[in-house]
Every structure is written in structure tokens, then in C-alpha cells.
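Asks: Here you go, one structure.
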Amino acid sequence: MAGGVKKPVNIFKLKNLGEPKEVFNWRLWFAVVSFALLGAARGVDEGLISGAFNSKQFQSTINYSSYNKVDQANIKANVSAMVQVGSVGGALIAFVVCDRIGRIWATRQLCVLWALGIAIFMGHGNSLGAVYAGRFIAGLGVGQTAVVGPIYIAEIAPASIRGLCTCFFTGFVYLGIVLAYFTNYGCQLNIGDTTPKRWLVPTSLHIIFAGLIFVLTFFQYETSRYLIKSGKHDKALEVMSRLRNLPSDHEYVVREVNAITLSHHAEMEATKGAGFMGILREAFTIPSNLYRVGIAIGAQILSQWSGAGSITLYAPDLFSLLGITGTDESLLVTAVFGIVKLVAAVICALFLVDFIGRKRSLLLGIALQAISVLYVAAFLTSVPQLGRNPGYRLSSSEVGPSKGAIAMIYLSGVGWALGWNSMQYLLTAELFPLRIRAFCTSLAMAFHFANQYGNSRAVPVLLLPTSQGGISSLGTFWFFTAVTILGAVWVWFIVPETGGRSLESMNRLFDLPWYKIGRYGNLDAEAQDEAFDEKQLLASRNNSAELKSTAQHHETNSETKNSAEIV
1 MAGGVKKPVN IFKLKNLGEP KEVFNWRLWF AVVSFALLGA ARGVDEGLIS
51 GAFNSKQFQS TINYSSYNKV DQANIKANVS AMVQVGSVGG ALIAFVVCDR
101 IGRIWATRQL CVLWALGIAI FMGHGNSLGA VYAGRFIAGL GVGQTAVVGP
151 IYIAEIAPAS IRGLCTCFFT GFVYLGIVLA YFTNYGCQLN IGDTTPKRWL
201 VPTSLHIIFA GLIFVLTFFQ YETSRYLIKS GKHDKALEVM SRLRNLPSDH
251 EYVVREVNAI TLSHHAEMEA TKGAGFMGIL REAFTIPSNL YRVGIAIGAQ
301 ILSQWSGAGS ITLYAPDLFS LLGITGTDES LLVTAVFGIV KLVAAVICAL
351 FLVDFIGRKR SLLLGIALQA ISVLYVAAFL TSVPQLGRNP GYRLSSSEVG
401 PSKGAIAMIY LSGVGWALGW NSMQYLLTAE LFPLRIRAFC TSLAMAFHFA
451 NQYGNSRAVP VLLLPTSQGG ISSLGTFWFF TAVTILGAVW VWFIVPETGG
501 RSLESMNRLF DLPWYKIGRY GNLDAEAQDE AFDEKQLLAS RNNSAELKST
551 AQHHETNSET KNSAEIV
């Protein structure tokens, strides 16, 4: 505090990193929200497809009733999961698109693919093949959103609130889910199931979001990190100045741009500017980078097979399984489920991820999720008739535990929002060096969607009784329980804390042997930070001393010259 004026405090800081108050301005939040909206792509689809598919009008257009039970389960799984199949391809090509045409144009082209695929799906003309094709093309666009959105946000956000900003993306996933759930519920009540509008109106949410995001990109600028990577240093400085709401010659702006530039030059020097093969070598032959790739891929596998994604996707069916009767009631309970997850995501973004850290927030979420699926598994084990007989009526003694199981589904959504679903994007976006960031994020998201596809494709079949080739509902939830507990152990030993650290200083987390990084990496990195700060301070003092000595030397010479002139 100087001159009696209090220094402004930002409530979202994990620790004081010295950002000027101007950094937290409307331009930053507008850019964050514009690209966080990309999260709605997944949310809208996950929230819509189950309700749309269950519409009698949609089922009649594909002659759904003409198939046997096993074929019906496979068709439902294929239609639901076809976006994930396309998303695998979308995630894999995203890094090429991001690095070749930039984050802004990558967003525009994915919006076009997304809207085009949904248009084909909506006008499929009674063809199951067109349904698959449309959802696959939409998936090519949706798959890129999980790469482009978090990368853009992570690259423009100040280090102290990068977690908050990136979690906006997760928040919009849930906003999309809530809007989709309530649109399905509203159409079921007000339009009924006697017209194609019942499923066409909710599905149009896809095109609305794609169009809105496409328009918003024309009000945003490319990230400074991409511009520096493209050799446009002056433009990068200009964009950073605008985004930070500070003059281009301000110390904070100059220091941030110089840090990005030096980090990129060091990466290029280390790889001698090699092309795609150089990126592969850097990602898989440098131990610290390979460890990061393992974290990103492991997070996708363990999060998707913990079951929370399939609970979101098939929420109406699972609530019916646990005792909710009637289409209207099932859709309403599902819509409330979406609100619970949205609120949990907001709480995580505002009060957890940049306060208690990424790792603690993730472990808290996994713990809540494990308790939830364990209870549901135990309930289904005690009432096995629910999985065998869809028309089974609960006894009076089973109604209470059934309501408890429904509450636990809600709690699992809270755990998912606090833990895996927020961290799988945040960790992936902030772990990697600039040169390989787009590639490694694409690779991680490809695993994300591949496992999401496998899970969403498998769950309808897994829920079938063992006589029909499944493992029954209780077996499915016991499987989810085992994976969730395994995930908690993995996070404890493998994942380091990344909060409050600039993207350029992330390397310091991975200097220890691999088996110590998860538990001690952050402590070691903080020790390196202190040593680096002391070195910088010493260098600054030496520079000041040199400048002072030089000034005195010039002053002495000037005085000598003046004396000589006087003589």
C-alpha cells in the first residue's frame, strides 16, 4: 500500500501474482464467454438426443418398432454415440486446423460443420443412414470445440484466474444440458408427441448455438501466443495490450509477451524448428512431456468410464430404472438434474478450482461420485427386479431407498461437475508447452471422445439382463464404482497441482522422477520459483548498479570536459 491508497483485490486469486487491476476487464470476460459457449455443443447434444430419440414421432421415421429388443438397443446406442464417433475425427484434425489457420478461423469452420451435420440429421427423410451421417458430420465440428475452446481461453487468461476462465467452458456444457433438458420437457408438455415438432424444435438449439458462436468470433482477436508462434510479435503485443486494457509499453504487457516469446524461442531452438515429426518426438521422447501426455490421456479414460457421462446421456432411462414412472415426470426429474450439475459447475469455477487447487477439487468430486454410484449399485443389488422387469412396481419398503438412489444420481452429477468434467479440460489445456499444445490437446480429446463413444455405445447393452448379453443394471453400476475408486488413487499419486502457475513455468512441475511428481512436484516447482525470483532480483540489482555506474562515469567525463573547456 502506497500513498494511503489500498491496492485493489480480486476475489478470484489463488495467490497474489501481481496483476494490475486493469487486467480483469470486460474485454477479457467477453472473450472468455464467447469461446466458452463452445462447451454448449456437447451439452446440448448430451441433453437432447435421449429425449429426441424417445419421441414416438422420431422413432416412427426410422421404423424403430420393426426391430427386436437387442437391435433397438444397438440402434439407440448408435444414434446417440455417432456424434462421439465424428468427434474423435474432429479432435484429431483440430490441432492441424488450430496451428494452420489459427484459433479464430478454426472456430468458424467447426461451427459450419456442426450446423451442417444437424441440418442433415433434421432432414433425414426416414433414412437411418442419413441420421448416422448427419450426426457424424456434426461430431466433426463438436469434437473440435473441446480442443479450440479450452486452448483459446487458457492462452488469453491471466495465470491467477486461468482455472476460473477455463471452467466457464465446463459451465456452458451444463448450460447446454439444462436448456436441452427443459426444451425437451417443454415440448413434451406443450407440443405433445403427435407431431415432428416434438423433436425438431429442441434439436434446433444446435443451429442456434452454432450461429451465435460464429457471429461472436468476428468481435474477437487471435491469441498472442498463436501470433508469436506465427512470427507476428508486434501484432501479439497489440492484442495483449488490448486484452489486458493496458498500454503496449506497460511493464506487465511487455513482460508477459517477452516471456511467451522467450519460451517459444527456447522450444524452437530445442527442436531446431522441426515439423510434424519434431512435434511427435518432442511429445513422446522427452520424459516430462510424455508424462504430461499420460496425465491427459489417463484423465480421459478414467473420467469417461466412471459412468457420469453415460448417466447424463441416458438420464431419463436411468431415472425410470430407479422407479420414476411416466415420460413427463422422467423428463422433469432429468431437467432438475441438469440444473444441479450447472450449479455445481459454477461453484467449482468460482470457489474451488482457483482457491483449493485443481487436485483437491478433483479428489473432492471423485469422492462424491464414488459414494453416489456405490449407493446406486447397492440399491440395485438389493432390488434386482428393477433391472429384470421394466414394469416392476416398488413396494412401500423400497420407495425410500429408491428416492435415495435418485438423490445419489443428483450427487453424482455434483461430483462430476466439481471433479472430472472440469479438470479433464483444464488440465489438458494448461499442461503442455506452446509448440505441442494443440497437438497434445487434440490427442487427449480424441481419447476423450473415443472413450465417450465406447461408453455411450456400451451402456444400453450393458444394462440388458445377462440372458440378453448384458451385465444387468447392478453389474453396470458396480463397474462404475470400481473405475471411480481407481481414478481417485491414480489422481493422488500421479497428478500434480497446476493452479496459480503461468503456462510458461509449467515445466518446473515435472523435474522430479516420475513417481514423485504427483505428490511433490508442486513443492519442488515452488522452490524453483523462489530461486528464479531471487536470481531475477539479483540480475535486476546488477543491471541497476551497472546503469548507475555508467551514469556516474558519463557524469565524471562530462565534468572533466567542462573543466577542460573552462581552463
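Position 134, counted from 1, in the sequence shown is what UniProt numbering calls 134; the numbers after and before it change by one each time, with no gaps. For glycine and all other residues, C-beta sits at the position ideal for the given N, C-alpha and C. Predicted model only: the values in this text are computed from it and were never measured.
(1) Let me make sure I understand the geometry here. Which of 80, 382, 416, 418 has the alpha-carbon closest to that of residue 402?
(2) Measure the alpha-carbon distance for residue 65 versus residue 52 and round it to whole angstroms.
(3) Taking contact to mean at least 3 C-beta pairs separated by less than 8 Å, is the stretch 240-252 in contact with the stretch 140-155?
(4) Looking at the structure shown, is residue 220 part of a helix, part of a strand, or coil, going by DSSP?
(5) Can you say whether residue 101 is buried or exposed, counting buried as having 16 or more other CB atoms within 10 angstroms of its CB?
(6) Measuring only the C-alpha atoms, how far is residue 260 from residue 289?
(7) Tell me whether residue 251 sits in a helix, a strand or coil according to DSSP, three-state version.
(8) Compare the Cα-Cα distances from residue 405 to each of 380, 40, 423 and report the closest residue.
(9) What residues in its chain sit with their C-beta under 7 Å from that of residue 220, if we drop five residues either side in the sequence?
(10) What are the boundary residues of the alpha helix (DSSP H) that residue 277 is part of?
(11) Using DSSP with H/G/I as helix, E/B as strand and the rest coil, what is residue 565?
(12) Given a cut-off of 8 Å, decide if residue 191 and residue 198 are closer than it, judged by their beta-carbon atoms.
(13) Given a threshold of 16 other Cβ atoms within 10 Å of its Cβ, counted over all protein chains shown, does residue 251 qualify as buried or as exposed?
(14) With distances taken from CA atoms, which of 229, 43, 165, 222 is nearest residue 499?
(15) By Cβ distance, which residues of its chain are closer than 7 Å to residue 306, with the 5 residues on each side in sequence left out?
(16) DSSP three-state label for residue 70, please.
(17) Apply the 10 Å Cβ neighbour rule to residue 399 and answer buried if 16 or more other Cβ atoms are within range, or exposed otherwise.
(18) Say whether the stretch 169-185 touches the stretch 56-72, bearing in mind that this needs 3 or more beta-carbon pairs closer than 8 Å, one atom from each stretch.
(19) Are at least three pairs of beta-carbons, each pair with one atom in the stretch 359-369 and one in the stretch 407-420, less than 8 Å apart?
(20) Rounded to a whole number of angstroms, what is the C-alpha to C-alpha distance between residue 341 and residue 462?
(21) What are the boundary residues of the alpha helix (DSSP H) that includes residue 397?
(22) Under 7 Å Cβ to Cβ from residue 282, same chain only, skipping five residues before and after it: list those, please.
(23) Pick from 21, 117, 113, 214: whose alpha carbon is nearest that of residue 161?
(24) Could you spell out where the alpha helix (DSSP H) holding residue 393 opens and where it closes?
(25) Residue 91 and residue 144 - do their beta-carbons sit closer together than 8 Å?
(26) Flag this pair as yes or no: are the beta carbons of residue 218 and residue 425 separated by less than 8 Å?
(27) Put residue 19 into one of helix, strand or coil per three-state DSSP.
(28) Tell me where the alpha helix (DSSP H) around residue 56 begins and ends.
(29) Quick check: the Cα distance between residue 336 and residue 50, rounded to an integer number of angstroms?
(30) Under 6 Å Cβ to Cβ from residue 445, same chain only, skipping five residues before and after it: list those, please.
(31) How many whole angstroms separate the CB atoms of residue 447 and residue 84, which I take to be in contact at a CB cut-off of 8 Å?
(32) Would you decide whether residue 393 is buried or exposed? Buried here means 16 or more other CB atoms lie within 10 Å of its CB.
(33) Can you say whether residue 493 is buried or exposed, counting buried as having 16 or more other CB atoms within 10 angstroms of its CB?
(34) Give the C-beta separation of residue 318 and residue 311 to the nearest angstrom, bearing in mind that I take them to be a contact with Cβ-Cβ under 8 Å.
(35) So residue 39 packs on residue 115, CB below 8 Å; how close in whole Å?
(36) When you compare the CB positions of residue 117 and residue 89, do they come within less than 8 Å of one another, or not?
Replies: Quick answer:
(1) By one-based count along the sequence shown, residue 402 stands at place 402. Sorting 80, 382, 416, 418 by C-alpha distance to the C-alpha of residue 402 places 382 at the top.
(2) In the sequence shown, the residue the question calls residue 65 occupies position 65. In the sequence shown, the residue the question calls residue 52 occupies position 52. Cα-Cα distance, rounded: 16 Å.
(3) The stretch 240-252 is not in contact with the stretch 140-155.
(4) As a first step, residue 220 must be located in the sequence shown, where it is residue number 220. Note: residue 220 maps to coil in three-state DSSP.
(5) Position 101 of the sequence shown holds residue 101. In the assembly as shown, residue 101 is an exposed residue. Its beta-carbon has fewer than 16 other beta-carbons within 10 Å.
(6) On the sequence shown, position 260 is the one that residue 260 refers to. On the sequence shown, position 289 is the one that residue 289 refers to. Distance between the alpha carbons of residue 260 and residue 289 is about 18 Å.
(7) Locating residue 251 in the sequence shown gives position 251, where the first residue counts as 1. In the three-state reduction of the DSSP assignment, residue 251 falls in the helix class.
(8) Translated into the one-based positions of the sequence shown, residue 405 becomes position 405. For residue 405, the nearest C-alpha among the options comes from 380.
(9) Here residue 220 refers to the residue found at position 220 when the sequence shown is read from its first residue. If we look at residue 220 and ignore the five residues flanking it on each side, its Cβ neighbours are 31, 34, 104.
(10) The residue given as residue 277 occupies position 277 in the sequence shown. Taken as a continuous stretch (DSSP letters only), the alpha helix (DSSP H) holding residue 277 covers 276-285.
(11) Residue numbering aside, residue 565 sits at position 565 when the sequence shown is read from its first letter. In this predicted model, residue 565 has a pLDDT of only 49, less than 50, meaning its place in the structure is not dependable; the value taken from the coordinates is given anyway. Looking at residue 565 - three-state DSSP - the assignment turns out to be helix.
(12) Locating residue 198 in the sequence shown gives position 198, counting from the first residue. Locating residue 191 in the sequence shown gives position 191, counting from the first residue. A contact, by the Cβ cut-off of 8 Å.
(13) Here residue 251 corresponds to residue number 251 of the sequence shown, with the count starting at 1. With fewer than 16 other Cβ atoms within 10 Å, it is exposed.
(14) By one-based count along the sequence shown, residue 499 stands at place 499. Ranking 229, 43, 165, 222 by CA distance to the CA of residue 499 puts 165 first.
(15) Counted from its first residue, the sequence shown places residue 306 at position 306. Cβ within range, chain order: 369, 420, 480, 483, 484, 487.
(16) As a working mapping, residue 70 is identified with position 70 in the sequence shown. In the structure shown, residue 70 sits in a helix (DSSP, three-state: H, G or I).
(17) Position 399 of the sequence shown holds residue 399. By the beta-carbon neighbour count (other beta carbons within 10 angstroms, threshold 16), residue 399 is exposed.
(18) Between the stretch 169-185 and the stretch 56-72 there are fewer than three inter-stretch CB-CB distances shorter than 8 Å, so the stretches are not counted as touching.
(19) The way I'd put it, the stretch 359-369 does touch the stretch 407-420; three or more beta-carbon pairs between them come closer than 8 Å.
(20) On the sequence shown, position 341 is the one that residue 341 refers to. On the sequence shown, position 462 is the one that residue 462 refers to. In this structure, the CA atom of residue 341 is about 25 Å from the CA atom of residue 462.
(21) Taking the first residue of the sequence shown as position 1, residue 397 is located at position 397. Residue 397 -> alpha helix (DSSP H) spans 396-418.
(22) Position 282 of the sequence shown, counted from the first residue, corresponds to residue 282. Take residue 282, set aside five residues on each side of it, and the residues of its chain with a beta-carbon closer than 7 Å to its own are 271, 289, 435, 436, in chain order.
(23) Position 161 of the sequence shown holds residue 161. Comparing Cα positions, the closest option is 21.
(24) For the purposes of this step, residue 393 is taken as residue 393 along the sequence shown, with counting starting at 1. Run containing residue 393: none; DSSP gives neither H nor E here.
(25) For this step, residue 144 is matched to residue 144 along the sequence shown. For this step, residue 91 is matched to residue 91 along the sequence shown. A distance below 8 Å separates the beta carbons of residue 144 and residue 91.
(26) The sequence position of residue 218 within the sequence shown is 218, counting from 1. The sequence position of residue 425 within the sequence shown is 425, counting from 1. No, the Cβ-Cβ distance between residue 218 and residue 425 is not below 8 Å.
(27) Translated into the one-based positions of the sequence shown, residue 19 becomes position 19. Residue 19: coil per DSSP, three-state reduction.
(28) As a first step, residue 56 must be located in the sequence shown, where it is residue number 56. Unbroken alpha helix (DSSP H) run through residue 56: 56-61.
(29) Here the question's residue 336 lines up with position 336 in the sequence shown. Here the question's residue 50 lines up with position 50 in the sequence shown. So the two alpha carbons sit approximately 16 Å from each other.
(30) Taking the sequence shown and counting its residues from 1, the one referred to as residue 445 is at position 445. Only 91, 146, 147 meet the Cβ criterion.
(31) Counting from 1 along the sequence shown, the entry for residue 447 is found at position 447. Counting from 1 along the sequence shown, the entry for residue 84 is found at position 84. The C-beta distance from residue 447 to residue 84 rounds to 12 Å, too long to fall under 8 Å, and the pair is not in contact.
(32) The residue you call residue 393 lines up with position 393 of the sequence shown. That one is exposed.
(33) For the purposes of this step, residue 493 is taken as the residue at position 493 of the sequence shown. Answer is exposed; the Cβ neighbour count stays below 16.
(34) Here residue 318 refers to the residue found at position 318 when the sequence shown is read from its first residue. Here residue 311 refers to the residue found at position 311 when the sequence shown is read from its first residue. About 6 Å separates the beta carbon of residue 318 from that of residue 311, a gap short enough to meet the 8 Å contact definition.
(35) Numbered from 1 along the sequence shown, position 39 holds the residue referred to as residue 39. Numbered from 1 along the sequence shown, position 115 holds the residue referred to as residue 115. Taking the Cβ atoms as the reference, residue 39 lies roughly 17 Å from residue 115, outside the contact range of under 8 Å.
(36) Here the question's residue 117 lines up with position 117 in the sequence shown. Here the question's residue 89 lines up with position 89 in the sequence shown. Between residue 117 and residue 89, the CB-CB gap reaches or exceeds 8 Å.
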